[in-house]
Each structure stands twice: as structure tokens, then as C-alpha cells.
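For the sequence shown, position 373 (counting from the first letter as 1) is numbered 372 according to numbering that gives the first Met the number 0, and the numbering increases by one without interruption.
To start, the structure itself, in C-alpha cells.
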Amino acid sequence: MEPPERSPNPVPRRRNRFGLFPLRYFHSPISSLLENSGFLRALSDDSEAQLFNSGLVSRNGGGNRNGEVAISIGGVSGREGEGAYVAGGGDVEGGGGDGNRGGEDYVAGGGNRGGGDWGGGGDVAGGGGLGNGSNRESVDGDNNNNGSRRSNSGIQRYDVQRMARWIEQILPFSLLLLVVFIRQHLQGFFSTIWITAFLFKSNEIVRKQTALKGERKMAVLIFYFVVFILHVMGIYWFHSKEDIYYPLFMVPPKEIPPFWHAIFIILVNDTMVRQVAMAIKLILLMYYRNGRGHNFRRQGQMLTLVEYTLLLYRALLPTPVWYRFFLNMEYGSIFSSLVTGLYITFKLTTSVEKFKSFYAAFKALSMKEVHYGCHATSEEVNAAGDLCAICQEKMHSPILLQCKHIFCEDCVSEWFERERTCPLCRALVRPADLKSFGDGSTSLFFRIF
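Structure follows, in C-alpha cells:
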């Protein structure tokens, strides 16, 4: 029996410079993106049918014999076997000739295949006569492993593409819902984007002014202070009809707010409170504008105290809004009281850590001596050399660290705002205690609950 001729691979169609037609990007954006990036190969209907026929994907999800057609012609003893032609997937066992005669097996498809003394997982496996059994088993094992890897890779790509097509089906409707939702809350969206962008820019301004130290200009600090305060007043004036300022005084809103309106009230108040805290930090920078040494360390402690006070207040700020939202008698008095009690318990538990941090920052402010060293004597300064290794200038208010290195208090205080080790020997000097906000930074994470 003559072996069937294998059809040559079809010549792929030439695509445009982007690899896919523009209409395909519009119709199937995710699949097209994955295919164009090389993560997935284009899967047409014909190639999908090939996956089913090759056994990589089962149509019926049954056993090893699903969807296969096997034709087996075995020879008799003493005569040459005519071989077998097998098409399909799964475990197919085809016959060859007898033990003394060799046959020819033509196998097409996927899965684990074997025939007589001859087995293999390649596309075409054939042989005649007897051979080395161990070598055949080794080749069979390698072919089976390679075939298994190809099968798993094909199945994974098929699953990813199915998922991409499912997402593409629900994507248009989801985008329509998003557009309608934005249109219904258009004013809130623009206000949230504006105050968030202004907050990030204000944080950058305060950090830059803090880093300038003695080079700060009083006129610039006053200008930024006025801008920050006017911005806060303008936002609350613009939303004056919505009564969003009640939670600032820990007073619940008059009416039960809808869910998204409650989120908006919390976001606006949380952002505006941080804006006011930045204005207070600018006042501190005005006060310590020409400070050096001890004053610079004091400035860092004051900035840290302001930030931890702000964090404690922000932790409690959403409480009145959610208290009013959960205490909705329409759901039943027992259910509303239970949910409200659970929320208040959760809020008090999470606020304990904020209070501990605030107390630690306040306690650090009362410490007159630095906790990472002590003031150096004139003899110690002369012995170490009257030159600071950080600023390369004559030492001012020198500080002797625990590792016996001496630096200016101004320089080493700024250093320990970011590090915990000695600038020279890298010995651990500053303990891992309270995080410092002496650089003027403000936490940018929103607190919703």
C-alpha cells in the first residue's frame, strides 16, 4: 500500500506592515494585539479545525478514541506486512508485519502511537526488520515529550485566545456603561482629577522648598501658602450646595448619601485636608528658613509631627460618612445597627496604630538630645579633623555618632532623614523607629474607608 502524499504547507498570505489589517484591530483589538506582539499566532477557522483534528483540542471531551479514524491492515506470518495508515488523535495502536518481516507505518496526527515493534510520536514513523529496542524506546520517549510540550503550548494559546475573544465580546457594552457613568457624574470626575493633580504638584513644591533650606525665599513661600489656601476655599465654595464639609467636624451628613456620592465626599475632604497640612508645612519652612544644625533637626521633627497628626485625623475622617451610610433603617434596624457597629469596631482597631505613631512623633519632639549620637567636644573634633566629610566644610555643631565618626549636625540630620547607617563606615546607627517625613513629603494614598 502506497503511503499517502502529505499536502504541502499552505503559503501564508502577505500582510501589511502592521502584520494585521486595520479592520481586524477594530473588530478584535485584544486578539490582534496578542498576535501582532508574537504571543499568539493567528488562529483562523481552518487552523482551529486542525487543532481538533490533531488531537490538541477534543470536540466531545471523551476518551482517547474520540474523533479518530483508524485503518489497520496487518500482514500474516511469513509475508510482508502492508502497514497501516492512521488519522486522528489519541492513543492509536496500529499493526505492522510479523516479527521477521518489517512493515511500514504511516502515522498522521497527534497523541501516543505505536505499531508492532515500532512506536513513535513523530509525523511519520516507519521501519523494517529488527532493531535496537533500547534506542527505539529512547527515541519514542523524546518524541512523546516533545509532542506533549507542543500539545500543552497549543492548548494554552487556544485558551488565551478564547478568553481574549470573550473579553472582546463584552468590551463594547462595558465601554458604553463607562461612558454613561462618567456622563452622570461628570462634575465629580473633573473635580476629582483636578484636586488630585493639584495635590501631587503641591507635594512636589513643598519637598523642593524643604530641600532648599537656607536658600528659600520668603516671598515664594508666602505665594504658595496663599495659593494653597485659596484653592481649598474655592473647592468648598464650588461644592457648597452639597454639604461636603460636615465630616470635617466629625458630623455625619444630613441625608443618607448614595454610594458614589459618599466616595466623592471622602475623596474631596481627604485631599483638602492634606492641602491644608501642606500650607502649615510652608509656615514651618518660613519659621526655620535660616535655621542650621539644631534648628534643622527641629524642623524635621515638626514636619514629621504634622504628618502623623494628619494621618491620625485622616483615619477618622471617613467615619461620619460611612456611619450615616450604614445606618440606613430601610434595611431594618437590627441589620443596620449590626453593620454600623462592625464598621466602628473595625475603624477603632485600625486607628490604634495611627495614634501610636502620633504619640511617638510627639514624644520625639520633646527629646533635646539626638538619639543617634551626642554633641562632640572640642578635643574630639580636633582629633578627627575640623572638616565635615559630608559638606567638606568646617564643622558646625558637630555630632559624634555611636561609631565614633563626627559630622555637622545639619548634615547628619539631613542624612538620617533618608538613611539609618553612618555615611562613612555604613554601621547601623539610627534604629528602625518612626518613619521620618522631615523632607516635607505628604502621604499621597487616599483613605476611602
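Glycine is no exception: its CB is placed at the ideal position from the N, C-alpha and C atoms.
Computed from a predicted model, the values in this text were never measured in an experiment.
Of the choices the options, whose alpha-carbon is the least far from that of residue i?
i	options	result
K240	F227, I264 and I228	I264
E413	V305, K355, V272 and C390	C390
V231	V411, T270, E392 and L309	T270
P319	P246, E416, L220 and A210	P246
L341	A359, F354, W321 and V351	W321
G439	M301, G384, E392 and V159	M301
L400	A278, N327, P422 and N268	P422
N268	S173, P317 and R164	P317
E203	L281, L176, E379 and F180	L281
C387	L175, L174, D409 and F199	D409
M277	M249, E167, T209 and F357	T209
F361	A261, Y307, M394 and N327	Y307
I255	R215, L309 and N327	N327
R506	C424, L433 and K353	This structure does not reach residue 506, given that the chain is present from 0 up to 448, and the question cannot be answered.
A375	T348, C407 and F415	C407
A314	N381, K353 and L198	K353
I343	K355, A359, R323 and S356	R323
T441	P171, L198, E392 and F248	L198
S356	T339, E379 and V305	V305
L283	L347, F334, R215 and D242	R215
L427	G372, E392 and K393	G372
V380	V338, Y358, I405 and F248	I405
G187	K207, V205, L266 and F248	L266
I279	D242, F248, V205 and F334	V205
Given this structure, state the Cα-to-Cα distance separating residue i from residue j, to the nearest angstrom.
i	j	result
F444	F325	24 angstroms
R446	M285	29 angstroms
Q298	L311	20 angstroms
V272	V225	15 angstroms
S396	V351	38 angstroms
T191	M217	31 angstroms
I234	T195	12 angstroms
S336	E329	12 angstroms
F295	A363	14 angstroms
L185	V179	10 angstroms
Q274	F227	7 angstroms
S435	H238	35 angstroms
F448	S365	33 angstroms
N63	I166	Per-residue confidence for N63 stands at a pLDDT of 42, beneath the threshold of 50, marking its modelled position as unreliable; the derived number appears in the next sentence. Going from the Cα of N63 to the Cα of I166 covers about 32 angstroms.
K253	S332	19 angstroms
L229	Y223	10 angstroms
W236	T303	30 angstroms
D385	G437	27 angstroms
F182	H260	Per the sequence presented here, residue 182 reads as Arg, with Phe not at that position. If you take the alpha carbons of R182 and H260, they lie about 14 angstroms apart.
M345	L176	Rather than Met, the amino acid found at residue 345 in this sequence is Phe. Roughly 33 angstroms separates the two Cα atoms.
S201	L220	12 angstroms
V250	I262	16 angstroms
G61	I169	Note on G61: pLDDT 41, under 50, position unreliable in the model; the coordinate value appears next. If you take the alpha carbons of G61 and I169, they lie about 31 angstroms apart.
K403	K212	27 angstroms
R164	P257	35 angstroms
Q160	T349	44 angstroms
D158	V411	58 angstroms
E378	W193	57 angstroms
M162	L174	18 angstroms
N65	V338	With a pLDDT of 43 at N65, under the threshold of 50, the predicted position of this residue should be treated as unreliable, though the coordinate-derived value follows. Near 55 angstroms, if we compare the C-alpha coordinates of V338 and N65.
R288	P171	56 angstroms
A359	L347	19 angstroms
Y244	L309	17 angstroms
F415	A383	21 angstroms
R419	K207	22 angstroms
State the start and end residues of the unbroken beta strand (DSSP E) segment that holds residue i.
i	result
H374	G372 to H374
F436	Careful: F436 lies outside any beta strand (DSSP E) and carries neither H nor E.
I398	P397 to L400
Taking residue i as part of the alpha helix (DSSP H), name the residues at either end of that continuous run.
i	result
C410	E408 to W414
A261	F258 to Y286
Given the structure, does residue i come close to the ligand NAP, in the sense that its CB is under 7 angstroms from one of the ligand's heavy atoms?
i	result
T308	Among the ligands in the structure shown, none appear at all, so the ligand NAP cannot be discussed.
Closer than 8 angstroms, CB to CB, is residue i near chain D or not?
i	result
M271	Checking the listed chains, one finds no chain D in this structure; it contains a single protein chain.
Legend entry - alpha helix (DSSP H) runs contained entirely in the stretch 316-390, provided each spans 4 or more residues: Runs of the alpha helix (DSSP H) inside the stretch 316-390: 318-325, 332-364 and 377-383.
Legend entry - Segments assigned alpha helix (DSSP H), at least 4 residues, entirely inside the stretch 163-251: As far as the stretch 163-251 is concerned, its whole alpha helix (DSSP H) runs of at least 4 residues are 185-211 and 217-237.
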